[in-house]
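Undergrad: From first to last, the protein sequence lines stand for chains V and U.
Just so you know, my numbering puts 13 at position 12 of the first sequence, and the rest follows in order with no gaps.
Just so you know, my numbering puts 782 at position 80 of the second sequence, and the rest follows in order with no gaps.
Quick one: the structure is below, and I'll ask about it shortly.
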Amino acid sequence: MFKYIMKLFFRGSGNLKRYLFMIAIFEATLLTLSTVPSGYVEVVSKLTPKPNFVVSYNGPGIEIYFAYVDVGGEEVLAISSKNLREATSFLIGNNIELKDVSIGCKVNNPIIRKYFGRGNVLKCVENLVDYSIILDWTLFQQMVKTPYKKLYLKSLQEEGVSVPSAWTFTKDLLLLVNHHHRIIYICFILVLSVSCSILGLKSAVDLRQVLILTKEMHMSFQKIFLCIFIVSLLATLAGMVVGYGLASVIAPLVLICLKYLLGIPYVYLIPVATTIDDVILLAFLSLGSYLSMVIWKTIVK
Amino acid sequence: MIGLKLLGFGKVASTLILLYLISIGVSLTIGTSYDVLTGLEAFIQGFELGKPLIMEKSAKSIYTSIIPTRLANDLETVLGLNAKPVVTALGYADGVLAPIWDQSVLTHPLDMINATGIILGKHLADKLGKRQGDDILLTSVLRNSVYIVKVVEVKEFNDPRDNYVFAPSKLARALRGIQDTEASIIMFESQRDAEQALKYLSQLYELRLNYDVGVEVKLRIIASDGSLASEKKISGKGVEVFRIPLGYYQLIVSTGYAEIIVDSVKLKDSIELSLNLQGTVTLKILDCPEEPKLMDANGKILRPERVNNVWSYRIPVGVYFLNVGGHEIRIPVVSDQELRLGKGLEKEKNLESYRVVFQVRYIDGKQVEDAYLTIASSDGRLITSTTITGFYESYLQNGLYNVTLSKSGYVLKKKLIVDGEKSVDFILPLRSDGKMMYTRSFEAKILPTGYDSMSMISIMVLSAELGILITVSILAVLVYLSIISHLFESCSSEFEKLRELRFSIGFIFKSIYLPLSILFLLAGTLGGLSSIYFVEMIYWPQILPSRPVGLNPLLYFVHTVLLVSSLTHSYLKLYYRKWF
């Protein structure tokens, strides 16, 4: 019986074939969209070197304090920490011997040296350390008259801006692109549901004929609808498989085109298994839209 | 109305509702994709300067381009173009993504006393809640650097620069991670200037040197930033051809005893030069009753010949030391020379004296310490011989003088005519840090609007958004076609009747196509308006100072073109199927 219904399905106006074709196209498109662009950004983010540390206005982390000290009529940035050794190891990269006063290379001048009377001049590290005076915590509290501010240095990729900030940058770009994709995904659901409903309405005419024929063969409606459901489910699953297949071809092709047209480095990407959640949801939604229209047209009416 | 009645009001209404729903999705997708694509690109790539610029050809972004600063100076010196080197970097200001530009790009840059003072664009300042005097944490995308900087000024531009940070050149360079001889881009005043610069920069020029040198010497061609463009050993007679890019170069001959600057060239075309250098030269010392004590750089005392009270030395080119009355003076000798020691400091009473200022700087603009300045009259009378640091002031009478400056073996000679107050600049073709770099080969490309649409960064976003834009547009056409053809197919019996009743084509067009077009356009426009409303409502991650969407509302109505095209296609398909 199932074989017979299948034959009947693929005859007629061919709406079922079109349905299969539509699902395949939609899913291939969705997969390509979710794999190639965001996949590319994800690959780039994976290639981005991990940050050396993260700096933030919020804790937890190693606190560093900063304020300005007036030296000969000029403001000089002074920094300090209760845990100065660890804080400077973040900023300078290694454990160095700090005296009560350490002078950054870019602020090193006779006035500063005379004002502080002692202290060593640090090597340039291309960092805030170059433009500041590092003071021992007790000395910092004594010298700084104005209210001082606090920063937190962290080793983990927690909340805050990474140093170098390429990591934050790619993370932010990925966040934006993925957010946009979620909006697109919702639009896709809307478009696909409406399209499948239309396809359902169109195939209802064929199905009515199938029902008339099967009624003549004294088959029960339940059995017939079970068969219709199975055929539709198989068509949906076939669409998914075809979609994955198409995406596996389209994605590398798109990347090859982008490489030759725009010079983007080629990163081989194929649809990944994790996208199955989104695709199944979309596939069943399309199946639901299709079947609901079929049921409404053939049974209710 | 007749046409719509024929098709059935119910069917048309349900189709319109469907089209409205679909057009919301389609316009939302197309509009936001394009908005995100162009908005991010514009933000990341730089504002529309309205001024053209050139950048490194292989670089994909103005933030990754590195260009030698000397090119801007050379373009100005050699071609007279107004070219400005600018440093650009990308970073985070208190956690908000912000392009960081060298403040010299501004029309009225601030004379920043503090090296860590910055100017903030108004919008960025508002977003960060910062005012003048507040501190900001500045990090760089490309460098392992973090700075605490102070807001010196908040500036309103009323363009995308309102989202930018403007930093002092040194800080911008540190954030970008480039040396002080490098910048990111070169900006021009006009497109014509940029094109002319690119034309000259894209080729090499021949410098043909006909030489006749008595000893083996090293010939160095030094670029305007002190870097070494080329170096060759030459001796005897011959021709040497150098192929080097446009620039201002100095030709230096190194003899082992002295580094002599023989010529300077503004190279913008192939040229031919001659170099004549004697292996040994004659130094004659006059008006000296006793045998002068002349020593070479190694302290070896040289013996002269005496002919009619003239002490004559045949010596290699170099710097020598002469002891006069217990004082040691340095004498750079690079050609035959006469030196009168007798009445050097006596002034002629009738001649007026003028103030002459001598300045000596390294090629990077820093003052030279302990340079040796010698001033002699045209007949060889020694007037001044002294060690100077950066600056020296003298009063000289009307007349012609030979001025020589030496430092670390380098000898610079100038002829000076004094007929009024003068300022004489000596630029030593050395860097103050003593480093001798090789001239970096460089290929430039032009960005007519100061905007690189094909940058690596924008391509990342572009690849993510372009695909969506194209595929959704195609899908939109497919879906619209499917809906409209379904409407027409469901009314096929009505069309059949119209055909049998032999209604004219004009009637069908007026009664069906035109009303449907208007209604579909309305549905599409409503869909576009609704999507604009949704776009404003939807939350977007706040990584940028401004929202990445809603920049160009027209984009949200582009799909109506697709909608009407789909209707036209379906109508024509029906028309040809039913009436032919």
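Note that the Cβ used here is the ideal one computed from N, Cα and C, for glycine as well.
State the Cα-Cα distance for the pair U/Ser1108 and U/Arg833, rounded to the nearest angstrom.
TA: Their backbone Cα atoms lie some 52 Å apart in a straight line.
Undergrad: Please state the DSSP three-state secondary structure of V/Ser81.
TA: Three-state result, V/Ser81: strand.
Undergrad: If you compare alpha carbons, which of U/Gly733, U/Ser1213, U/Ile1185 and U/Leu903 is closest to V/Ile184?
TA: Measuring from the Cα of V/Ile184, the nearest candidate turns out to be U/Gly733.
Undergrad: Report the three-state DSSP secondary structure of V/Ser204 (helix, strand or coil).
TA: Correct three-state label for V/Ser204: helix.
Undergrad: Helix or strand or just coil, what does DSSP make of U/Arg1008?
TA: Strand.
Undergrad: Going by the CB atoms, is the gap between V/Ser57 and V/Gly201 shorter than 8 Å?
TA: Not a contact, by the Cβ cut-off of 8 Å.
Undergrad: Among U/Leu1041, U/Asp914, U/Leu1084 and U/Asp796, which residue has its Cα nearest to the Cα of U/Leu1098?
TA: Nearest of U/Leu1041, U/Asp914, U/Leu1084 and U/Asp796 to U/Leu1098, Cα basis: U/Leu1084.
Undergrad: Roughly how many angstroms lie between the CA atoms of U/Leu1264 and U/Val1179, to the nearest whole one?
TA: U/Leu1264 and U/Val1179: Cα-Cα distance of roughly 6 Å.
Undergrad: Using 8 Å as the Cβ pair cut-off and three pairs as the minimum, do the segment 971 to 982 of chain U and the segment 951 to 960 of chain U touch?
TA: Yes, the segment 971 to 982 of chain U is in contact with the segment 951 to 960 of chain U.
Undergrad: What number of angstroms, rounded off, separates the C-alpha of U/Gly1230 from the C-alpha of V/Tyr186?
TA: About 18 Å.
Undergrad: Specify, as a first and last residue, the run of the alpha helix (DSSP H) that V/Phe285 falls within.
TA: Counting along the chain, the alpha helix (DSSP H) containing V/Phe285 begins and ends at Ile277 to Ile296.
Undergrad: Under a CB-based cut-off of 8 Å, is V/Tyr261 close to chain U?
TA: Not closer than 8 Å to any Cβ of chain U, the Cβ of V/Tyr261 fails to qualify, so no.
Undergrad: Does the distance from the CB of U/Ile756 to the CB of U/Ala896 come in under 8 Å?
TA: Yes, these two residues count as a Cβ contact at 8 Å.
Undergrad: For U/Lys1117, does the three-state DSSP call read helix, strand or coil?
TA: Strand.
Undergrad: Mind reading off the beta-carbon distance from U/Leu1004 to U/Ile987? Whole number of angstroms is fine, and I expect it under 8 Å.
TA: In fact, because the Cβ distance is near 11 Å, the residues do not count as touching under 8 Å.
Undergrad: Buried or exposed for V/Cys125, going by 16 or more other Cβ atoms inside 10 Å?
TA: By the 10 Å Cβ count, V/Cys125 comes out exposed.
Undergrad: Using only the alpha-carbon positions, how far apart do U/Phe1093 and U/Val919 sit?
TA: Roughly 32 Å between the two C-alpha positions.
Undergrad: For the beta strand (DSSP E) containing V/Val145, name the first residue and the last one.
TA: That residue, V/Val145, is in no beta strand (DSSP E); it is neither H nor E in DSSP.
Undergrad: For a contact meaning CB atoms closer than 7 Å, what does U/Val843 contact in chain V?
TA: Here the neighbours are Pro165, Ser166, Ala167 and Phe170.
Undergrad: I need the boundaries of the alpha helix (DSSP H) containing U/Ser1219, first residue and last residue.
TA: First-last of the alpha helix (DSSP H) with U/Ser1219: Leu1216 to Met1239.
Undergrad: Does any residue of chain U bring its CB to less than 8 Å from the CB of V/Ile296?
TA: No, its Cβ sits nowhere closer than 8 Å to a Cβ of chain U.
Undergrad: Leaving out five residues on either side along the sequence, give the residues of the same chain with a beta carbon under 6 Å from the beta carbon of U/Lys857.
TA: Closer than 6 Å at the Cβ level, and outside the excluded window around U/Lys857, lie Ile821.
Undergrad: Scan the segment 170 to 199 of chain V for residues whose Cβ lies nearer than 7 Å to a Cβ of chain U and list them as they occur along the chain.
TA: Taking 7 Å as the Cβ-Cβ cut-off against chain U, the residues of the segment 170 to 199 of chain V that qualify are Phe170, Asp173, Leu174, Leu176, Leu177, Val178, His180, His181, Ile184, Ile185, Cys188, Leu191, Val192, Val195, Ser196 and Ile199.
Undergrad: Quick one: give me the first and last residue of the beta strand (DSSP E) that U/Arg1057 is part of.
TA: Run containing U/Arg1057: Ser1055 to Tyr1064, per the beta strand (DSSP E) assignment.
Undergrad: With a threshold of 8 Å between beta carbons, is U/Val853 in contact with chain V?
TA: Chain V, which has no Cβ nearer than 8 Å to the Cβ of U/Val853, makes this no.
Undergrad: Taking all protein chains shown into account, do 16 or more other C-beta atoms lie within 10 angstroms of the C-beta of U/Met889, making it buried, or fewer, making it exposed?
TA: Result: buried.
Undergrad: Is the segment 721 to 739 of chain U in contact with the segment 240 to 257 of chain V, if contact means three or more CB pairs nearer than 8 Å?
TA: Cβ pair count under 8 Å is below three, so no.
Undergrad: On the CB-based measure, 16 or more other CB atoms within 10 Å of its CB, does U/Leu1025 come out buried or exposed?
TA: Looking at the sequence provided, one finds Asn at residue 1025 of chain U rather than Leu. So U/Asn1025 ends up on the exposed side.
Undergrad: Would the beta-carbon of U/Tyr951 fall within 8 Å of that of U/Ile923?
TA: Going by C-beta atoms, U/Tyr951 is nearer than 8 Å to U/Ile923.
Undergrad: Measuring only the C-alpha atoms, how far is U/Leu777 from U/Arg845?
TA: So the two alpha carbons sit approximately 30 Å from each other.
Undergrad: Straight-line CA distance for U/Leu1183 to U/Ser1272?
TA: Taking the straight line from one Cα to the other gives about 7 Å.
Undergrad: Kindly say whether U/Gly1046, judged by its beta-carbon, lies nearer than 8 Å to any beta-carbon of chain V.
TA: Per-residue confidence for U/Gly1046 stands at a pLDDT of 49, beneath the threshold of 50, marking its modelled position as unreliable; the derived number appears in the next sentence. Not one chain V Cβ lies under 8 Å of U/Gly1046.
Undergrad: V/Phe189 and V/Leu283 look like a contact to me (Cβ under 8 Å); what is the Cβ gap, rounded to whole Å?
TA: The pair is a contact, with the Cβ atoms about 7 Å apart (cut-off 8 Å).
Undergrad: Can you tell me which of the three DSSP states U/Glu992 falls into?
TA: Coil at U/Glu992, not helix or strand.
Undergrad: Grab me the residues of U/Leu1047's own chain with a C-beta within less than 6 Å of its C-beta, minus the 5 sequence neighbours each way, in chain order.
TA: Annotation note: pLDDT 46 at U/Leu1047 (below 50); position unreliable, no value reported.
Undergrad: I think U/Ile769 touches U/Phe1144, with their Cβ atoms under 8 Å apart; what is that distance to the nearest whole Å?
TA: Confirmed, Cβ separation roughly 7 Å.
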